Each structure stands twice: as structure tokens, then as C-alpha cells.
Amino acid sequence: MDFGFTISKPRSIEPTEAGKEQLRLLEEQVPTFRRCMNCGGCTATCSAGHFINFNIRKVHNLYRWGQYKELDEELQKCMLCGKCTLVCPRGVNLRSLIIHLRKALNKDHLSNDFQHFIRNNNR
Amino acid sequence: MDGKIISIQVAIIGGGPAGIEAASILSRYGVQVSLFEGESKWAHNIGNKFKLFPDFSSADELVQTLSQKIVENQIPAYLSTKIVALEKQKNAWVLTDEQGRSYVADTVLLATGYDIFDAKRKEELGYGIYNGVMTSVDLEAMLKTGKITNVLGEQPQCVTFLQCVGSRDEKIGNHYCSKVCCVTAVKQAIEVKKMSPQTDVFVFYMDLRMWGQGFEELYREAQEKYSIRFVRGRISEAASTFDDRVQIKAEDTLVGQPLKMSTDLLVLMVGMEASCGTKKLAACCGIDGEYGFALSKQPHLADNQTAQRGLFVAGACKRPMSISDAINDARAAATEIVEYLKIVPANKK
Amino acid sequence: MKRYWNEYQKKIADDKFFYERSCIRQTFFPGSEAAFLKMLREELGKDIYDEANQHTCTGIGYHSDIVPLQTTMTVVARLFALMTEAGYENYVPSCVTSFGVFTEMVEMWKHNPELLEKTRKILYDTTGRTFEIPKNIAHPSDIIYKFRYELKQKMKYQLVNRFTGKPLRVVEHIGCHYAKIFPKAGVGNAEFPYVLAGMIEAWGGEVIDYPERRHCCGFGFRQYLVQENRGYSIANSKKKFESMEPYEPDFIVANCPGCTMFLDKWQYTIAEMENKTYDKNGYGIPVLSYEEMAGLLLGYDPWKLGLQLHQVQAEPLLNKIGIAYNPNEKFTGVSGKILPRPEKPHNLLV
Numbered sequence: 008m009d010f011g012f013t014i015s016k017p018r019s020i021e022p023t024e025a026g027k028e029q030l031r032l033l034e035e036q037v038p039t040f041r042r043c044m045n046c047g048g049c050t051a052t053c054s055a056g057h058f059i060n061f062n063i064r065k066v067h068n069l070y071r072w073g074q075y076k077e078l079d080e081e082l083q084k085c086m087l088c089g090k091c092t093l094v095c096p097r098g099v100n101l102r103s104l105i106i107h108l109r110k111a112l113n114k115d116h117l118s119n120d121f122q123h124f125i126r127n128n129n130r
Numbered sequence: 095m096d097g098k099i100i101s102i103q104v105a106i107i108g109g110g111p112a113g114i115e116a117a118s119i120l121s122r123y124g125v126q127v128s129l130f131e132g133e134s135k136w137a138h139n140i141g142n143k144f145k146l147f148p149d150f151s152s153a154d155e156l157v158q159t160l161s162q163k164i165v166e167n168q169i170p171a172y173l174s175t176k177i178v179a180l181e182k183q184k185n186a187w188v189l190t191d192e193q194g195r196s197y198v199a200d201t202v203l204l205a206t207g208y209d210i211f212d213a214k215r216k217e218e219l220g221y222g223i224y225n226g227v228m229t230s231v232d233l234e235a236m237l238k239t240g241k242i243t244n245v246l247g248e249q250p251q252c253v254t255f256l257q258c259v260g261s262r263d264e265k266i267g268n269h270y271c272s273k274v275c276c277v278t279a280v281k282q283a284i285e286v287k288k289m290s291p292q293t294d295v296f297v298f299y300m301d302l303r304m305w306g307q308g309f310e311e312l313y314r315e316a317q318e319k320y321s322i323r324f325v326r327g328r329i330s331e332a333a334s335t336f337d338d339r340v341q342i343k344a345e346d347t348l349v350g351q352p353l354k355m356s357t358d359l360l361v362l363m364v365g366m367e368a369s370c371g372t373k374k375l376a377a378c379c380g381i382d383g384e385y386g387f388a389l390s391k392q393p394h395l396a397d398n399q400t401a402q403r404g405l406f407v408a409g410a411c412k413r414p415m416s417i418s419d420a421i422n423d424a425r426a427a428a429t430e431i432v433e434y435l436k437i438v439p440a441n442k443k
Numbered sequence: 204m205k206r207y208w209n210e211y212q213k214k215i216a217d218d219k220f221f222y223e224r225s226c227i228r229q230t231f232f233p234g235s236e237a238a239f240l241k242m243l244r245e246e247l248g249k250d251i252y253d254e255a256n257q258h259t260c261t262g263i264g265y266h267s268d269i270v271p272l273q274t275t276m277t278v279v280a281r282l283f284a285l286m287t288e289a290g291y292e293n294y295v296p297s298c299v300t301s302f303g304v305f306t307e308m309v310e311m312w313k314h315n316p317e318l319l320e321k322t323r324k325i326l327y328d329t330t331g332r333t334f335e336i337p338k339n340i341a342h343p344s345d346i347i348y349k350f351r352y353e354l355k356q357k358m359k360y361q362l363v364n365r366f367t368g369k370p371l372r373v374v375e376h377i378g379c380h381y382a383k384i385f386p387k388a389g390v391g392n393a394e395f396p397y398v399l400a401g402m403i404e405a406w407g408g409e410v411i412d413y414p415e416r417r418h419c420c421g422f423g424f425r426q427y428l429v430q431e432n433r434g435y436s437i438a439n440s441k442k443k444f445e446s447m448e449p450y451e452p453d454f455i456v457a458n459c460p461g462c463t464m465f466l467d468k469w470q471y472t473i474a475e476m477e478n479k480t481y482d483k484n485g486y487g488i489p490v491l492s493y494e495e496m497a498g499l500l501l502g503y504d505p506w507k508l509g510l511q512l513h514q515v516q517a518e519p520l521l522n523k524i525g526i527a528y529n530p531n532e533k534f535t536g537v538s539g540k541i542l543p544r545p546e547k548p549h550n551l552l553v
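Chains as they are written, first to last, in my numbering: chain A, 8 to 130; chain B, 95 to 443; chain C, 204 to 553.
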């Protein structure tokens, strides 16, 4: 029945086991990622972020929580210049991180299970 | 000691690290000291801990070492002797204990320390109501058993720490930072991971204050070696779930989105408040400062003196302080007291 | 369950109450206010005055930013004037939002005496009336809570499932304006309120503490008033239903007119929109006002209490408690007139 409105979907992050597993895999591939303390140096210096709405710090934080919606497209904004890696005070290998994120989020590289998971979690 | 008034050169009130250390130094200088502790154990706040930051040394061993100092220096020391009143009479201080016994001292060192913040006052966090909610002090007791378990006695899937419980919070009237909780949570998170590597560990913080030597390195190790997740945001409420876990709500402020998750254990990093004894005795002699802590004369150059001649302060009765800072502060106080006794001959105090 | 409500007790007057009715309650729970008056007068022997010239407290308009503060103050002052003129000092507003508004105005006057003087002047200039600030403002649920054991002695039924002998499992919802504006004005404070829980426990039931217990029902005035915004309103109720569902509550008891209505009617809306109900059998979870809960246990006729006007129908609950009722009289009004039969929902069973 049409009541003239639809029920709003929750927008809070609710971590899932599958998301945790995905983060664990990424941390194995890019161990330095664990060290990030969210200083924002990467975003401050980002060549792309100065011209378009692109916040690499926020992107990888969303990935940590298993929030994958539109992250794939978002990561295409990165020009892989590597400046973020240079400024990071905790030595996070951001270039490597971005490439691994792209791989993880690019549907060609995903297992069927994970594709299915992403589809169900893209709200 | 019943029935007569005992006369003492320096009375030290409080048998924690500051009181014991000051007593032992002063007695090595040949000063006659007596040490009073209201509880039945020396350094009971340390005794409640498992290991100490930043070096994971044993808390029990530190208590033993401190207690040993009392024995070695043959310090007259009274456990379960709670001093409830302190009053200046002419040139002496009169101490009265709970049993009504009086002691007269030329000089007094207040080292009455802190009490743990009562987490029940943050009702929205459900301490004392939900089984999975515990304080950092409760967790130390669990760590002592060598095993981390959820309310069902099983290995927990998730343990979550919440910083600043009772600190930096206008709602309960404590604007100050308790200083030691940040690094304590890092230490405890690592201990949980060591005992239960499969457990996911989260630490919710507003700021991480890694002020001491080795603290920042410990934080980094927690992230890098133990995959402990640090989330910037304050948990606003805890509730029990159907399967007796704890549901928490917070914002990941670095993402700007609300977060809802469940955890087996929620550990509240309870801050320090002026102990009952500190509040009472500081107020007795007019040296009560903000939040009931004892007020020193001046923060830089006279931090062990007070507005009252012959009354000194040391340790966490002044403000939240780590064990090592309290011990150092006690040594400074001992030096001040020795100087004071030198310039004030016995007949002129 | 361990609670700290005992540390939060409020002063609730004993007798001689001035009653103020709610704007919407008589539409949605038409027997509740009458049942409250009956309970106080007949069961407890109290003096409660039901003023004929009363009017809105402006709560809905006030919280929707339609009515300005000074207007609300003056309207509240007029209600207090009616109380003063009737010779009463204990104010009892039937609605949680009114309760919040009165408590707020009195508190505001305490801190800003010039606003009180201005309000007195405006009221006098426009109506010639003067007023005293009530000695005690208590919500009707506070009063029932206070006399819960006295009422229990007169009750014919208990909150017990007669088939299993076990306590009924009850969700309670106090309404944000009861204790979230002024936590100390509510019995048991805002986090673990005890006003309804105290009744449930005293009368044999068991309170369900579910994760979203403290979440708002979503009524939120400005939100539900605009049709397009109702999706946001209903999402709040849905969040609560989803959270309470695993506990299989026997019914919900609510304190606030808005909450009681929303928690009831939205179950129908969700069932129609998503074909989802929150009880196992497809009937939904019955929602009662606290007066209806008390009235049922005292043996008042469910149809005279107005339960047939609820969306989620009460028969399964009545059967569980063992309350006698005549199905044939369900749609006979208090006056004896036959009421029109409501249409059946598509998905929600009635």
C-alpha cells in the first residue's frame, strides 16, 4: 500500500564478520595499514583531493568498517602520485594500500562470495 | 597505643606508593616517621592491578617491594587505621583515627591518593546492570586469573574499551583528564590479545594521550602487532542484547557516521577522583582544591608545600598521577620535608 | 534485574489533584482518561477535579516551532489560573508532552523571574486571571505508580499468562518528554525509568530490557506532521520493533499519547508496506496505555476501556490473562450505539 512515504533505512555502520575478514586480508597484504593513526596527512597533501572531492583517509576508514558503497569509483580519483606515502608519519604504504583496495573492490578480482557480500551491503 | 597520645615527628597519611616511598626516604635520613593506611593492605590500588604500564612488570611485585621498604626501614606503620580528622593545634598537628585514637605530629605528609570513579554514575553505560559491562579495575582482576572470558565463560569474540569514563565529562562534574587511562587501555588491550589472540579488540577514545616514555611506542605496537582498532568517538550508551552481549552506539568521528555494534565485554576506563580521605582531610585543613583534590602551594616550585606550615602533599591526592610520578613526587616531598625540619629547629615549629 | 531507580524518587502529591486532559488521547485511547478518573475516585477515594474549560497546552505547536514561547507560557499560565480558581495546587496533565511543557515553563520561570512577571501581566491584561504555580506537577502514571500496591489489592487479574503460569513479558516505553527533558522529574530517571516498570513488576509481569529500549518512538511532532517526513518517523518505531522482536513481548505499555499511538498504528503501516509483523502469529504486539493496563487488571470491561479502537487487537492478550469479555459487544459504544466496523487490514491479522 502506498502511504506517500517510504521507511528510512538505517545509516549507522554495523560491522559484519565478512567485513572483518576482508579487513584482515587487506592488513596481511599491507601490514603498515594497521599503523594509521588518522592524522590526515595523506588527505592534506593529496594531489587529487585539492581539486575534487576525494578523501583517501575517509575511504580507507570506510573500508575498515566494511562500508564499500561507491568506494571503487572513489578510488579511481587517485592518480597514484605517491605523495601521501611520502608524508605519512607512521610509514603506511599508501600507494600499495590504494592498489590493494582497488583490487579488492574491483569486481574482476573478487571472489563470488565477496561480490555477493558487497552487493548485499551496498545500501 | 590505646589510651595515650602518640607523639610523632612526621606523620604520613596514606600507604600507597607515595606514602611508602616518602616514609622510606625520610626514615633513611633519620627522620622519625609513622605511616597510616586506612585499608588492610599496603598500596591496595596497585594490588588490584595485574601488570603495570609501560613495561608489563608485575603489580604484585611492586607492592611487595614497597611493603619491604617499610620492614627494612623499621617504620612504625599502621594498617586499617583510617585517619578521619586532621587539625593544627599550636605548633603540632593532631590526627584522629576512626577508633577515636589521637596522634600528635610535628609535620604531616598527606598522601591519601585517589579513588576509582564509580562507573554506576554513568548510568547510560549500564555498569552494574549488564553483565558484560566491567571497569578497567574489574578487567585487571580477570587478567590476574590468566583467562579472558565473556559472561558465558567462553572466549570472547570481541572486547571493547571505552576511554574517559568519569573524566573529561561535565555531566558528572569532572572536567579534568585522569591521565593514566589512555595508556592503561593500550596495555590492557594488548594483554587481552595476548591471552586471546582471536578476539577483536576495539578502543574508543576522544583523544589518545601517550604522554610518557614508551607509551606512544606501546600504542603503535598495539596497532601494528596486535591489530587493535582505535576508534575516535565516545560510546553514548550500552544495552544488553538478546544473547547477553552488549550493544554499543558511538560515532566514528573520523568517518562522520554513527556506529552500532555488539561486543562481549565493554571495559570502562574509569578515571581517578580525589579519595574520600583526600577530600575529607584536605577540607579539614583548608587545602581543598578543585574536585576535592589537595591543593599545593604553587605548581612549579612549591608543589609539595601547602598553604599550611608543616603540612605537605604528595602523589595522586593532588591530581591524577601515574605510579612512577607518584613515587617521584614522594621523593620530592621527602626532600622538602628534610629541608623544612632543618630550618625549623624542634623548639620553634 | 538490577536498577538504580530507587535513587531517583520524586515527590508525588497524595490527593486533591487538578486534571488536565490530552488533546489527542480521547481519540486514540478513548477510555483511558475516564478509567484514570474512575480509578482515582472509586478505587483510591481521591479528589480529582476534571475542569470543563480547559484547553491545549500548545505542546504539539510548541515543539513544531509553530507556537512562540511567550504564547505557550501564557496558555500554560491560563491553565494554572483554572487550577488556582478551582482551589487546587497539584497539577496532573494527562499527556507526557504537557508534563514536559509545564515542567519546562516552571523551570524557566524559576531561572528567569522577569518572564514569570511578564506572563502574569499578559494573562491578567488579556483575561483578568491570576495564577499560582502548582505545588506539585505529577503525570498520571506517577500517581498510579505511587498507589500501585493499593490498586493491586483491588485487582481481579495479574500480568500472568494463565496457560503457562509465567509472568507476561512486557515492553515499556516512557516517552522522551517524560524524563529526557528533566530526568529528575521522572520516577527512576531517564536511562532506567521505573514509572511503568514499577507497575509491571508490582502487578506480576516481567519487564523486557531490549537494546533499543531508550530509543525514541519517532513521534517527533515536526517529523510526522509532514507526510513526506513520516518515513523517518516510522523508521524509529521499526528500529524498536526489530530490537524487541526476539524477546517475544506479550504487549507494550506506553506512557505518552504519541508513543502509544505510533507504536500501535505503525505496526499496521509496516505490515501493509513490508508485510512484516512483530509477533509470531501475525497479529502484531498489542499496545496499551498504562490506564488501560491498570483498568484491565481491575476488571474494567475491555470495550469500555476502548481497546477495540486500537490498531493491534487485544483479544489474544485478554485470553492470555484470562480476562472475561463479550465478543458481541465489541462494537457497541458506551452509549449503546452500534459503532461502524473498521475495515480489515490486508496483512495485519485482527
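Beta carbons: idealized from backbone N, C-alpha and C, even for Gly.
These figures come from a predicted structure and were not determined experimentally.
In this structure C/E494 is not in contact with C/P548, their Cβ atoms being roughly 26 Å apart against a cut-off of 8 Å. Contact between the segment 64-78 of chain A and the segment 275-294 of chain B is absent, with fewer than three C-beta pairs closer than 8 Å. Residues of the segment 47-73 of chain A with a C-beta atom less than 8 Å from some C-beta of chain B are R64, K65, N68, L69, R71, W72, listed in chain order.
C/E223 places its beta carbon less than 8 Å from that of C/P296. Here A/M86 is exposed. Its C-beta has fewer than 16 other C-beta atoms within 10 Å. By the C-beta density criterion, C/P449 is exposed, having fewer than 16 other C-beta atoms within 10 angstroms.
Closest in C-alpha terms to B/K288, from the list B/Q249, B/I164, B/S330, comes B/Q249. For C/K483, the closest alpha carbon among the candidates C/K468, C/M447, C/Y327 is that of C/M447.
With a contact defined as Cβ atoms closer than 8 Å, B/V364 and B/I210 qualify at about 5 Å. With respect to C/K219, C/Y327 sits apart: the two C-beta atoms are not nearer than 8 Å. Contact between the segment 94-104 of chain A and the segment 23-41 of chain A is present, with at least three C-beta pairs closer than 8 Å. Minimum Cα-Cα distance from B/D149 among the listed residues B/S196, B/D232, B/G308, B/L180 corresponds to B/G308. With respect to B/L233, B/A428 sits apart: the two C-beta atoms are not nearer than 8 Å. Sixteen is the threshold: since fewer than 16 other Cβ atoms of the shown chains lie within 10 Å of the Cβ of B/R122, the residue is exposed.
Non-local beta-carbon contacts of B/K182 in its own chain, meaning distances under 7 Å to residues more than five positions away in sequence, involve C379, Q402 in chain order. B/R326 has B/Y299 as its beta-bridge partners, per DSSP. C/G434 reaches chain A at F12, T13, I14, S15, counting residues in chain order whose Cβ is nearer than 8 Å. Using a Cβ-Cβ distance cut-off of 8 Å, the segment 498-517 of chain C and the segment 351-360 of chain C are in contact, since at least three pairs of beta carbons, one from each stretch, lie closer than that value.
Distances from the CA of C/V278 to each of C/Q426, C/S301, C/E246, C/A289 were compared; the closest alpha carbon is that of C/S301. For C/A438, the chain A residues whose C-beta falls within less than 9 Å of its own C-beta are I14, S15, K16, P17, listed in chain order.
Inclusion of C/K213 and C/A388 in the CB contact set at 8 Å is warranted, their separation being smaller than that value. With fewer than 16 other Cβ atoms inside 10 Å of its own Cβ, B/I437 counts as exposed. Residue state for C/Y252 is assigned as strand, using DSSP reduced to three classes. Of the candidates B/A408, B/L312, B/F387, the residue whose Cα lies closest to the Cα of B/A396 is B/A408. Contact with chain B is found for C/P414, since one of that chain's Cβ atoms lies less than 8 Å from the residue's Cβ. Assignment of beta-bridge partners to C/P370 by DSSP yields C/V363. Taking 7 Å as the Cβ-Cβ cut-off, the segment 438-466 of chain C approaches chain B at P449, Y450, given in chain order. For C/L272, the enclosing alpha helix (DSSP H) stretches over residues 272-289.
Contact holds between the segment 299-307 of chain B and the segment 324-340 of chain B, because three or more Cβ pairs, one in each stretch, are under 8 Å apart. For C/L240, the enclosing alpha helix (DSSP H) stretches over residues 235-241. Shown here, B/W187 sits in a strand according to DSSP, grouped into three states. Assignment of B/A105 by DSSP, reduced to helix, strand and coil, places it in the strand class. As for any beta strand (DSSP E) of minimum length 3 sitting wholly inside the segment 236-318 of chain B, the runs are 252-259, 294-299, ordered along the chain. At least 8 Å separates the beta-carbon of B/Q317 from that of A/R109. Counting along the chain, C/I455 sits inside the beta strand (DSSP E) bounded by residues 454-457.
Counted as a single uninterrupted DSSP element, the beta strand (DSSP E) harbouring C/P296 occupies residues 293-296.
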